[in-house]
Ligand code: BG6
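Structure (structure tokens):
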């Protein structure tokens, strides 16, 4: 196998809400993720809220629809997995030391917006929250690990939801700009690589986590998405203005689809499905809405009332590099009688008889990663980072205290091999690879601890048990060697 580029960013990735815990520590406010209960493969996560007449209720996170005026929040008697997560808040020194031992060159994490502006509305940031990330950066610098920071990863302040209804209100753009400027100035020279908003294409299927929306109304979602594009474009400009060497990326969940048959209707439907992935990136990379989306809005009677000024902002705030998450692929069928029984993050689909699936029903498709890389590079011609990839699996601790996870090694190895081919055989400008949940974290879709992605096991269990101790899994030394050999030995 050819060597990876010399300064390739081998890395690991996390998100604050799934990783940090310390949900109310040192002045932190409540985020939309903090109001979501724990689920599992067959039990949905719920979002909790108080009605006007004081009733406490919970409704499913995916597809959340709450008509009345309510107050979202956390209440007694519910199990909220983000509250403890894996307690990086109190373990950051030890965790970063382990990541340094693993050898990673880049660490993706998100700043928890609610640590900095607890409700999103304050004029003055919470100093204790800023100090926490000062400390995290100091540890990373100690080991020369480059940070890659996401500004919003399913963590908008619930204060903005209760006051304005989340991203559906244009004032949220100002709140995001204030937050971006605050962290941009504070960490100037310490953070160079930024991602504005995680998986912006998730807004249509998971509007609660992505945008604090308690509705599936397509008009509202389209407006909220526009506000996120404007905020993202504005963040690009703010960060460039603070430091012209800052590099800012978009982020999309790449939903790779194959036509279920060679019926042209399936091919057409697959193209449509791809556009669901591409749509936000098209806006963020090219600086304008793609025609297929504007036509779709027109057909559906959705009016996003795009002004000239907004078009100019989108145009000026295009990103410097492209990032995406990739976990699985699915087949796509135009036939309503074909059952969609295959799962994934946000997007499910039809099962592919050529692929095996994880315990959570996500199909494993390493060649699909090479295909995805080529599609994205062909389309945008910008440097690419894969900022999430990995296998969520049940890990067992053996009697000798060790964790053998050959299934994870197989998954990662096969994906890294395809990445290498994309670089050396196809010429894709891939500059980094972040293995998702490099330390075990809670799952976003189910809130489970049992669905583990890490090289480092964290002894916390879904029933509240465990003491948070960290252990190296078998995959730890494997990835260490991949990095040490710059991808030569996989
Ligand atoms: C991505 C999200 O969609 O999928 C992550 O950006 C998430 O936050 C990841 O963790 C994997 O999904 P899950 O549900 O297995 O955690």
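In my numbering, the protein residues as written are 13 to 502.
We put the beta carbon where it would ideally sit given N, CA and C, even for glycine.
Helix, strand or coil: how does DSSP classify residue i here?
{"i": "residue 6", "result": "As shown, the chain starts at 13 and ends at 502. That puts residue 6 outside it, with no answer to give."}
{"i": "residue 278", "result": "helix"}
{"i": "residue 144", "result": "helix"}
{"i": "residue 447", "result": "strand"}
{"i": "residue 214", "result": "helix"}
{"i": "residue 388", "result": "helix"}
{"i": "residue 463", "result": "coil"}
{"i": "residue 346", "result": "coil"}
{"i": "residue 307", "result": "helix"}
{"i": "residue 11", "result": "Because residue 11 is not part of the residues shown, which for the chain are 13 to 502, the question remains open."}
{"i": "residue 69", "result": "strand"}
{"i": "residue 221", "result": "helix"}
{"i": "residue 107", "result": "helix"}
{"i": "residue 53", "result": "coil"}
{"i": "residue 79", "result": "coil"}
{"i": "residue 505", "result": "With the chain covering 13 to 502 only, the question about residue 505 has no answer from this structure."}
Go ahead and label residue i buried or exposed: buried means 16 or more other beta carbons lie within 10 angstroms of its beta carbon, across all protein chains shown.
{"i": "residue 211", "result": "buried"}
{"i": "residue 406", "result": "exposed"}
{"i": "residue 300", "result": "exposed"}
{"i": "residue 409", "result": "exposed"}
{"i": "residue 54", "result": "exposed"}
{"i": "residue 334", "result": "buried"}
{"i": "residue 139", "result": "exposed"}
{"i": "residue 366", "result": "exposed"}
{"i": "residue 348", "result": "exposed"}
{"i": "residue 283", "result": "exposed"}
{"i": "residue 120", "result": "buried"}
{"i": "residue 319", "result": "exposed"}
{"i": "residue 357", "result": "buried"}
{"i": "residue 481", "result": "exposed"}
{"i": "residue 418", "result": "exposed"}
{"i": "residue 493", "result": "exposed"}
{"i": "residue 280", "result": "exposed"}
{"i": "residue 69", "result": "exposed"}
{"i": "residue 63", "result": "exposed"}
What is the rounded straight-line gap between the Cα of residue i and the Cα of residue j?
{"i": "residue 398", "j": "residue 337", "result": "6 angstroms"}
{"i": "residue 257", "j": "residue 496", "result": "28 angstroms"}
{"i": "residue 176", "j": "residue 236", "result": "12 angstroms"}
{"i": "residue 381", "j": "residue 374", "result": "14 angstroms"}
{"i": "residue 230", "j": "residue 78", "result": "15 angstroms"}
{"i": "residue 222", "j": "residue 111", "result": "28 angstroms"}
{"i": "residue 161", "j": "residue 275", "result": "43 angstroms"}
{"i": "residue 125", "j": "residue 360", "result": "30 angstroms"}
{"i": "residue 136", "j": "residue 250", "result": "18 angstroms"}
{"i": "residue 155", "j": "residue 109", "result": "8 angstroms"}
{"i": "residue 436", "j": "residue 444", "result": "15 angstroms"}
{"i": "residue 233", "j": "residue 378", "result": "32 angstroms"}
{"i": "residue 314", "j": "residue 305", "result": "11 angstroms"}
{"i": "residue 287", "j": "residue 303", "result": "11 angstroms"}
{"i": "residue 393", "j": "residue 218", "result": "29 angstroms"}
{"i": "residue 145", "j": "residue 130", "result": "15 angstroms"}
{"i": "residue 208", "j": "residue 326", "result": "14 angstroms"}
{"i": "residue 350", "j": "residue 202", "result": "51 angstroms"}
{"i": "residue 290", "j": "residue 152", "result": "33 angstroms"}
{"i": "residue 346", "j": "residue 278", "result": "5 angstroms"}
{"i": "residue 479", "j": "residue 330", "result": "45 angstroms"}
Distance cutoff 8 angstroms, beta carbons only. Does residue i sit that close to anything in chain B?
{"i": "residue 117", "result": "The structure shown has no chain B; it contains just one protein chain."}
Sufficient close CB pairs (3 or more, under 8 angstroms) joining the region 228-246 to the region 284-301: Yes, the region 228-246 touches the region 284-301.
Contact the region 45-62 vs the region 191-199: 3+ CB pairs below 8 angstroms: Not touching, per the Cβ criterion.
Three or more C-beta pairs below 8 angstroms linking the region 24-39 and the region 444-456: The region 24-39 makes contact with the region 444-456: 3 or more CB pairs, one atom from each, lie closer than 8 angstroms.
Runs of beta strand (DSSP E) wholly within the region 235-264 (minimum 3 residues, chain order): Segments of the beta strand (DSSP E) lying fully in the region 235-264: 259-261.
In chain order, each alpha helix (DSSP H) run of at least 4 residues that lies wholly inside the region 25-53: Secondary structure remark: continuous alpha helix (DSSP H) runs of at least 4 residues inside the region 25-53, in chain order: 28-31.
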